[in-house]
Amino acid sequence: MASEVARVARRLEEAKATKHLNLSKCELLKIPDGCYLMLKGVSITTCDLSSNSLKRIPSKFFSKFPLLEELNLQGNKLSSLPEEIRDLEELERLDLTSNIFDTFPLPVCDCPKLKNLSLRDNKITDLEVSRLNSMSALVELDIQDNPLSADTQTALSDMDWFTVHLGESDPVGKSLDKLD
Numbered sequence: 006m007a008s009e010v011a012r013v014a015r016r017l018e019e020a021k022a023t024k025h026l027n028l029s030k031c032e033l034l035k036i037p038d039g040c041y042l043m044l045k046g047v048s049i050t051t052c053d054l055s056s057n058s059l060k061r062i063p064s065k066f067f068s069k070f071p072l073l074e075e076l077n078l079q080g081n082k083l084s085s086l087p088e089e090i091r092d093l094e095e096l097e098r099l100d101l102t103s104n105i106f107d108t109f110p111l112p113v114c115d116c117p118k119l120k121n122l123s124l125r126d127n128k129i130t131d132l133e134v135s136r137l138n139s140m141s142a143l144v145e146l147d148i149q150d151n152p153l154s155a156d157t158q159t160a161l162s163d164m165d166w167f168t169v170h171l172g173e174s175d176p177v178g179k180s181l182d183k184l185d
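Here it is in structure tokens:
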């Protein structure tokens, strides 16, 4: 436990200089309140919270880091995002791979500069394809390894103004337990 706290403190200090907050693999169950205090006044542009055990992202996270361009939430236990994510007006990349979303997180549709969205390896069965049309900056959507309905897959495959990755991904690089 003490080593994880020390790791987080070191990374917060690094973020002051680099503007990149990397709290990946820190065994976090929640975002520590201390990170908001230590980084007050720092313009964080990228944030990596991957490979933790986060079940939710608090609303205040988005108001404390409003200049985020990249947010990596891969490998957590997230099933939803707060409405306040739409306040990230500079967000271009959002990685929600390997979480437990069972529905498409609609608030991301209101992120005006979002170009790349990965929802690979979740539990999404359906999504409002019409809402994707409102995402004018979207270039790439990765929704592989989700149990999408046939109708949703057909509708997504007809999208021609951005790249959609559907179906099963190549198992090369996946952990052995996921191949079973």
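The opening residue of the sequence shown carries number 6 in this note's numbering; numbering runs sequentially from there.
Ideal Cβ positions, reconstructed from N, Cα and C, are used throughout, including at glycine.
- Annotation: the continuous beta strand (DSSP E) that includes Cys52 extends over Thr51 to Asp53.
- Per DSSP, the unbroken beta strand (DSSP E) holding Ser123 starts and ends at Asn121 to Ser123.
- Contact between Ile105 and Leu83 holds: their C-beta atoms lie close to 7 angstroms from each other, under 8 angstroms.
- In the DSSP assignment, the residues bridged to Val169 are Leu146.
- Rounded to the nearest angstrom, the gap between the Cα atoms of Lys24 and Leu143 is 25 angstroms.
- Counting only residues of its own chain and dropping the five nearest sequence neighbours on each side, Cys114 has a CB closer than 6 angstroms to the CB of Arg136, Ser139 and Met140.
- Sorting Glu75, Met43 and Cys40 by C-alpha distance to the C-alpha of Thr51 places Glu75 at the top.
- Among the bridge pairs identified by DSSP, Asn77 is matched with Asp53 and Asp100.
- Looking from the CA of Asp175, the closest CA among Asp150, Ser64 and Glu89 belongs to Asp150.
- With contacts defined by Cβ atoms closer than 7 angstroms, Ser29 and Ser58 do not form a contacting pair.
- Counting other Cβ atoms within 10 Å of its Cβ, Thr130 stays below 16 and is therefore classed as exposed.
- Remark: C-beta atoms of Leu73 and Leu99 do not approach each other more closely than 7 angstroms.
- As DSSP reads the structure, Leu26 sits in a beta bridge with Cys52.
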